[in-house]
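**Q** Attaching a single structure in structure tokens format; questions to follow.
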Amino acid sequence: MKIMVAIKRVVDYAVKIRVKSDKSGVETQNVKMSMNPFCEIALEEALRIKQSGLASEVVAVSMGPTQCVDTLRTGLAMGADRGIHVESTAALFPLTVAKLLKALVEVEKPGLIILGKQAIDDDCNQTGQMVAGLLGWPQGTFASKVLLDSEKQVATVEREVDGGLETLCLDLPAVITTDLRLNQPRYATLPNIMKAKSKVIKKYTPQELNVEVKSDIEVVEVTEPPKRKAGVIISSVDELIDKLRNEAHVI
């Protein structure tokens with residue numbers, strides 16, 4: 006079975022985000038970029054499935070500008086067998102990404118697609134669900150545990166919901182999106198980083214996949230959250246009650 010994993014290049018989680026002066030988005034020039042943390046978890050899970058003997062190949066897919074190749078190389082260094090880069094300079098929104106993944110599925114014929122549940126830049130949490138809908142495949146979102154049965158061709162997905170844990174049984178092929186507690190991604194070792202340089206990355210364009218890149222979302226304005234007011238130290242319970250009643254108006 007082949008597993009396809011979608012990975013996204015985003016601003017590194019440790020970087021302090023700066024909004025552009027024209028409020029059209031966040032600053033990405035001269036900013037450290039890395040693989041989306043949820044995508045790292047998705048790739049790690051695919052690699053563990055392969056190591057257990059339940060998959061024969063892991064294919065990493067990334068979409069965006071030329072620099073996405075660096076993110077793919079990181080995925081290849083972690084252990085993916087080969088990469089696919091859909092090159093596009095235009096902004097790619099979830100529905101377009103889902104259509105591109107659907108087109109790649111028709112080419113690659115994977116038995117399982119694993120994605121991070123969301124990207125930390127736009128927090129859309131939509132692509133996995135949209136891919137499953139376009140393909141007509143069953144989906145297990147926010148997975149905290151994944152078990153595969155190669156004989157029965159089913160995947161058992163445990164997911165966290167408000168009321169506790171929910172267990173789903175999905176017929177393969179299927180789409181799974183990963184939550185934070187699924188696993189701890191591995192670090193790429195130096196020998197694997199060197200090996201990744203010789204692994205194949207196939208390039209496509211949206212036109213070659215017969216997908217029209219269009220913006221179905223308009224970003225009106227991006228602003229920083231308001232700064233929090235400084236806290237105050239109170240000297241007594243009576244003062245606390247007074248502030249809650251007369252200033253916060255919560256009692």
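Numbering (the working numbering), first residue to last: 6 to 256. Yeah, the Cβ is synthetic: ideal placement off N, Cα and C, and Gly gets one too.
In the DSSP output, what is Val159 paired with across the bridge?
**A** Position 154 of the sequence shown, counted from the first residue, corresponds to residue 159. The partner list for Val159 (beta bridge, DSSP) reads Asp154 and Asp176.
**Q** May I ask you to report which of helix, strand or coil DSSP gives Arg78?
**A** If you number the sequence shown from 1, residue 78 lands on position 73. Helix at Arg78.
**Q** With DSSP collapsed to three states, give me the class of Ala201.
**A** Locating residue 201 in the sequence shown gives position 196, counting from the first residue. Three-state result, Ala201: helix.
**Q** Could you name the residues of the same chain whose beta carbon sits closer than 7 Å to that of Lys104, not counting the 5 residues immediately before and after it, in chain order?
**A** Locating residue 104 in the sequence shown gives position 99, where the first residue counts as 1. Once the five neighbours on either side are set aside, the close Cβ partners of Lys104 are Leu139 and Val216.
**Q** Count the other CB atoms within 10 Å of the CB of Glu226; is the residue buried (16 or more) or exposed (fewer)?
**A** Translated into the one-based positions of the sequence shown, residue 226 becomes position 221. Exposed: under 16 other Cβ atoms inside 10 Å.
**Q** How many Å lie between Gly25 and Val159 at the Cα?
**A** Position 20 of the sequence shown holds residue 25. Position 154 of the sequence shown holds residue 159. It is worth fixing the name first, because residue 25 is Lys in this sequence and not Gly. Those two C-alpha atoms are separated by around 47 Å.
**Q** Any idea what DSSP makes of Phe43, helix, strand or coil?
**A** As a first step, residue 43 must be located in the sequence shown, where it is residue number 38. If DSSP states are grouped into helix, strand and coil, Phe43 belongs with the helices.
**Q** Which one or two residues does DSSP pair with Ser67 in a beta bridge?
**A** As a first step, residue 67 must be located in the sequence shown, where it is residue number 62. For Ser67, which the question treats as bridged, DSSP gives the partners His90.
**Q** Return the chain-ordered ranges of every alpha helix (DSSP H) run that is complete within the segment 191-252 and spans a minimum of 4 residues.
**A** Fully enclosed alpha helix (DSSP H) runs of 4 or longer: 195-201 and 242-251.
**Q** Between Arg87 and the rest of its own chain, which residues show a CB-CB distance below 8 Å, the 5 nearest in sequence each way excluded?
**A** Translated into positions along the sequence shown, residue 87 becomes position 82. Excluding positions up to five away in sequence, the list reads Glu62, Val64, Ala65, Leu81, Lys204, Val205, Ile206 and Lys207.
**Q** Within the continuous alpha helix (DSSP H) that includes Val110, where are the two ends?
**A** Residue mapping note: residue 110 aligns to position 105 of the sequence shown, counting from 1. Run containing Val110: Pro99 to Glu113, per the alpha helix (DSSP H) assignment.
**Q** Suppose the cutoff is 6 Å on Cβ atoms and the five residues either side in sequence are ignored; what does the same chain contact list for Val15 look like?
**A** Here the question's residue 15 lines up with position 10 in the sequence shown. If we look at Val15 and ignore the five residues flanking it on each side, its Cβ neighbours are Asn41, Ala124, Ile125 and Asp126.
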